[in-house]
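**Student:**
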Amino acid sequence: MPDLESRERLVGNPSNEDHLTSGKTLYDASAFEIFWRNFLAGSSRTLGGIIFYLIFILIIGSIFIRYLTPVISPIFNQLNSISGSLEKIPRLPSF
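First residue of the sequence shown: 0, per numbering that gives the first Met the number 0; consecutive thereafter.
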């Protein structure tokens, strides 16, 4: 059976100053403290979602540029030449 000192190292001593919370319950906390913690948690989640979304877009964009652009570029070149030839056609006069 572990002694008290090793148990405190494993479980943690509630009298230590390095705890994240002060041991308050929801009923002991002020309204501002509840608001601030929820705001901070929501902001962190939103920022993480934005960063994850940007990384996802960069990965999809790099895949698109690397693999799909060589396939699609001849189609765009053909559309560009067709639109150039359509611009050379004289327009009908409007009445």
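All residues carry an ideal CB built from backbone N, CA and C; glycine is no exception.
1) Helix, strand or coil for residue 22? Go by DSSP, reduced to three states.
2) Can you tell me where the alpha helix (DSSP H) holding residue 78 begins and where it ends?
3) Can you give the Cα-Cα distance for residue 45 and residue 53, rounded to whole angstroms?
4) Leaving out five residues before and five after residue 33 in sequence, what residues of the same chain have Cβ atoms less than 8 angstroms from its Cβ?
5) Keeping to the same chain, check which residues put their C-beta closer than 8 angstroms to that of residue 94; ignore five residues upstream and five downstream.
6) Look up residue 30 in the DSSP assignment and say whether it is helix, strand or coil.
**Tutor:** In short, the structure shows the following:
1) It is coil, neither helix nor strand.
2) 68-87
3) 12 angstroms
4) For residue 33, same chain residues with a beta-carbon under 8 angstroms away, outside a window of 5 residues either side, are 25 in chain order.
5) Leaving aside the five residues that flank residue 94 on each side, none in its chain has a CB nearer than 8 angstroms to its CB.
6) helix
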